[in-house]
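Chemist: My questions all concern the structure below.
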Amino acid sequence: MTLIGGFLSNRRERPLNGGLRTLANSEGMPVGVIHQARRDVRSRGVTKQQHPAQSASRQAHAWWARNAYGGQDRTRALQALEASGIPRRSILASKDVLSAMARGEALVKGAATLSVPRRGSSGKSTRYLRLIQWRMVMAYAGFEVLAKACLGKKEQKGLDPEDIDHLASFCLRAPPNLEAPRLTSDTARWLRRSGKGEPIDIVADFLHLKSGHKQFMHEWFKGTPIATHAGACHLAKILRHATAHGVLSPSKCHGLGLAEAIRTTPKNINDIRSSLIQTIYESRPEG
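Residue numbering for the sequence shown follows this note's numbering, beginning at 1300 and increasing consecutively.
And the structure:
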């Protein structure tokens, strides 16, 4: 039986946040020295230049928060959303669109900025893996609320693949590059011993994957990187379902080589969220 390629890995994840303490430890200097250097720079009036794209993004988000969520001009905010091409149906008469978008945005931003400290350097601890799994669940849950609101989708069911592709098409950020998972030796032995067919069939049964999701995961496990925001969001949806329904434990998350993807997908989802708001801002009516 041919196993999924590239299943042995001794990769070490990069820390979530470098931080002053990490920098100080790596350079062998006290943290206080770093703090003093920062104060000296400030006292000389040296400031970090902000990239024009970052400045435009901040302006867009400030405008949206002020008008849509702060109530300064909700009519204009809805008109901008309608003109952006994002909704699949008219949302001008919808009363709950903006409040739902606010809830979804808060969850996505909260997940993307939530720091999960790692105990030790391996990133293999059950606590760490469980936390990043639930951070991903939080990110996708928020994205689904936000997406259904700005699409004008009122059905109770979740997002269709076409919905995700449509929203991701507005993303202005650099695409992700999620490399194929590398299985641990223990997981590889588990796949060999099972005798239930091809490895992807075993993984698909284990994760309760639907046929479309199975094909998506099969291509990824075989070595095709996920190199689009839509792909990262599709992956988050699959792993969110497996996590929320209790079939993807932290140990299996590590064994299947999913930790890196689970760690980074909240940022990919947040990239889509941020780009949607910027697109709406650029579609605002004059005046």
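Every residue gets a Cβ at the ideal spot worked out from N, C-alpha and C, and that includes glycine. Please read all numbers here as calculations on a predicted model, not as lab measurements.
Among the residues of its own chain, which have a CB less than 6 Å from the CB of Ala1376, if the five just before and after it don't count?
Modeler: One-based indexing of the sequence shown puts residue 1376 at position 77. Result list for Ala1376: Asn1366 and Ala1367, in chain order.
Chemist: What separation, rounded to the nearest whole angstrom, lies between the Cα atoms of Trp1489 and Arg1388?
Modeler: Counting from 1 along the sequence shown, the entry for residue 1489 is found at position 190. Counting from 1 along the sequence shown, the entry for residue 1388 is found at position 89. Taking the straight line from one Cα to the other gives about 48 Å.
Chemist: In whole angstroms, give me the CA-to-CA distance for Gly1286 and Thr1564.
Modeler: Only positions 1300 to 1586 of the chain appear in this structure, which leaves residue 1286 out of reach.
Chemist: Need the endpoints of the alpha helix (DSSP H) that His1517 sits in, please.
Modeler: Here residue 1517 refers to the residue found at position 218 of the sequence shown. Note, His1517: alpha helix (DSSP H), Ser1510 to Phe1520.
Chemist: Closer than 7 Å by C-beta to His1512: which residues in its own chain qualify, once you throw out the five before and the five after it? Chain order, please.
Modeler: For this step, residue 1512 is matched to residue 213 along the sequence shown. Once the five neighbours on either side are set aside, the close Cβ partners of His1512 are Ile1537.
Chemist: Excluding the 5 residues preceding and the 5 following Phe1505 in the sequence, name in chain order all residues of the same chain whose CB lies nearer than 8 Å to its CB.
Modeler: Taking the sequence shown and counting its residues from 1, the one referred to as residue 1505 is at position 206. Same-chain partners within the cutoff: Val1546 and Lys1551.
Chemist: Relative to the alpha-carbon of Val1396, which residue among Ala1446, Ser1424 and Asp1372 has its alpha-carbon at the smallest distance?
Modeler: On the sequence shown, residue 1396 is found 97 positions in, with the first residue counted as 1. Out of Ala1446, Ser1424 and Asp1372, Ala1446 has the C-alpha closest to the C-alpha of Val1396.
Chemist: Could you check what DSSP says for Leu1377 in three-state terms: helix, strand or coil?
Modeler: Here residue 1377 corresponds to residue number 78 of the sequence shown, with the count starting at 1. Correct three-state label for Leu1377: helix.
Chemist: Can you have a look at Asn1476 and say buried or exposed, based on whether 16 or more other CB atoms are within 10 angstroms of its CB?
Modeler: Numbered from 1 along the sequence shown, position 177 holds the residue referred to as residue 1476. Exposed, because fewer than 16 other Cβ atoms sit within 10 Å of the Cβ of Asn1476.
Chemist: Does the segment 1393-1413 come close enough to the segment 1555-1562 to have 3 or more Cβ pairs within less than 8 Å?
Modeler: These segments do not touch.
Chemist: Taking 7 Å as the limit between beta carbons, can you name the residues of its chain near Glu1443, skipping five residues before and five after?
Modeler: Numbered from 1 along the sequence shown, position 144 holds the residue referred to as residue 1443. Closer than 7 Å at Cβ, skipping near neighbours: Gly1457 and Leu1458.
Chemist: As an exercise, report each continuous alpha helix (DSSP H) stretch of at least 4 residues that is fully enclosed by the segment 1423-1453, in chain order.
Modeler: As far as the segment 1423-1453 is concerned, its whole alpha helix (DSSP H) runs of at least 4 residues are 1425-1450.
Chemist: Nearest to Glu1543 by CA position, among His1465, Asp1500, Ala1440 and Lys1566, is which residue?
Modeler: In the sequence shown, residue 1543 corresponds to position 244, counting from 1. Sequence inspection shows Ala at residue 1543; the Glu mentioned does not correspond to that position. With distances taken between Cα atoms, Ala1543 lies closest to Ala1440.
Chemist: Compute the distance between the beta-carbons of Pro1480 and Leu1555, then report whether it is under 9 Å.
Modeler: For this step, residue 1480 is matched to residue 181 along the sequence shown. For this step, residue 1555 is matched to residue 256 along the sequence shown. In this structure, Leu1555 lies closer than 9 Å to Pro1480 by Cβ.
Chemist: Using 9 Å as the threshold, is the C-beta distance between Ala1379 and Ile1579 below it?
Modeler: Position 80 of the sequence shown holds residue 1379. Position 280 of the sequence shown holds residue 1579. Cβ atoms of Ala1379 and Ile1579: closer than 9 Å.
Chemist: If we require 3 or more residues per run, which beta strand (DSSP E) segments fall completely within the segment 1359-1404?
Modeler: The qualifying runs do not exist here; there are none.
Chemist: Taking Cβ positions, are Asp1570 and Arg1472 nearer each other than 9 Å?
Modeler: For the purposes of this step, residue 1570 is taken as the residue at position 271 of the sequence shown. For the purposes of this step, residue 1472 is taken as the residue at position 173 of the sequence shown. In this structure, Arg1472 lies closer than 9 Å to Asp1570 by Cβ.
Chemist: As a quick exercise: from Ala1541, Phe1520 and Ser1582, pick the residue whose alpha carbon is nearest that of His1507.
Modeler: Walking along the sequence shown from the start, residue 1507 turns up at place 208. That would be Ala1541, whose Cα lies nearest to the Cα of His1507.
Chemist: With DSSP run on the structure shown, which of helix, strand or coil describes Leu1534?
Modeler: Walking along the sequence shown from the start, residue 1534 turns up at place 235. It is helical.
Chemist: Check each candidate in Lys1394, Cys1532 and Phe1469 and name the one with the smallest Cα separation from Met1437.
Modeler: Start at 1 with the first residue of the sequence shown, and residue 1437 comes out as number 138. The option with the nearest alpha carbon to Met1437 is Cys1532.
Chemist: List the endpoints of the continuous alpha helix (DSSP H) containing Asn1567.
Modeler: Walking along the sequence shown from the start, residue 1567 turns up at place 268. Its alpha helix (DSSP H) spans residues Ala1558 to Glu1581.
Chemist: By how many angstroms is the C-alpha of Ala1382 removed from the C-alpha of Arg1491?
Modeler: Looking up residue 1491 in the sequence shown gives position 192. Looking up residue 1382 in the sequence shown gives position 83. Cα to Cα, the separation comes out at about 54 Å.
Chemist: Measure the beta-carbon distance from Ala1359 to Ile1576 and round it to whole angstroms, keeping in mind my assumption that it falls under 8 Å.
Modeler: Taking the first residue of the sequence shown as 1, we reach residue 1359 at position 60. Taking the first residue of the sequence shown as 1, we reach residue 1576 at position 277. About 6 Å; that satisfies the 8 Å criterion.
Chemist: Take the Cβ of Leu1557 as the centre, count every other Cβ of all protein chains shown within 10 Å, and call the residue buried at 16 or more, exposed below.
Modeler: For the purposes of this step, residue 1557 is taken as residue 258 along the sequence shown, with counting starting at 1. Label assigned to Leu1557: buried.
Chemist: DSSP has Leu1477 in a bridge; who is on the other side?
Modeler: Reading the sequence shown from its first residue, position 178 is the one you call residue 1477. In DSSP, Leu1477 forms a bridge with Ile1525.
Chemist: What is the rounded straight-line gap between the Cα of Lys1566 and the Cα of Thr1412?
Modeler: Walking along the sequence shown from the start, residue 1566 turns up at place 267. Walking along the sequence shown from the start, residue 1412 turns up at place 113. Rounded to whole angstroms, Lys1566 to Thr1412 spans 8 Å at the Cα level.
Chemist: If you check the beta carbons only, do Ile1385 and Leu1450 fall under 9 Å apart?
Modeler: Walking along the sequence shown from the start, residue 1385 turns up at place 86. Walking along the sequence shown from the start, residue 1450 turns up at place 151. Yes, the Cβ-Cβ distance between Ile1385 and Leu1450 is below 9 Å.
Chemist: Sorted by chain position, which residues of the same chain lie with C-beta nearer than 7 Å to Arg1429's C-beta, five sequence neighbours on each side aside?
Modeler: Start at 1 with the first residue of the sequence shown, and residue 1429 comes out as number 130. Correct list, in chain order: Pro1549.
Chemist: Output the distance between the C-alpha atoms of Met1516 and Thr1486, rounded to the nearest integer angstrom.
Modeler: On the sequence shown, position 217 is the one that residue 1516 refers to. On the sequence shown, position 187 is the one that residue 1486 refers to. Distance between the alpha carbons of Met1516 and Thr1486: 16 Å.
Chemist: Can you give the Cα-Cα distance for His1528 and Ile1463, rounded to whole angstroms?
Modeler: For this step, residue 1528 is matched to residue 229 along the sequence shown. For this step, residue 1463 is matched to residue 164 along the sequence shown. In a straight line, the C-alpha of His1528 is about 9 Å away from that of Ile1463.
Chemist: If Ser1356 and Cys1470 are in contact, beta carbons under 8 Å, what's the gap, nearest whole angstrom?
Modeler: Position 57 of the sequence shown, counting from 1, holds the residue named residue 1356. Position 171 of the sequence shown, counting from 1, holds the residue named residue 1470. So it is not a contact: roughly 12 Å between Cβ atoms.
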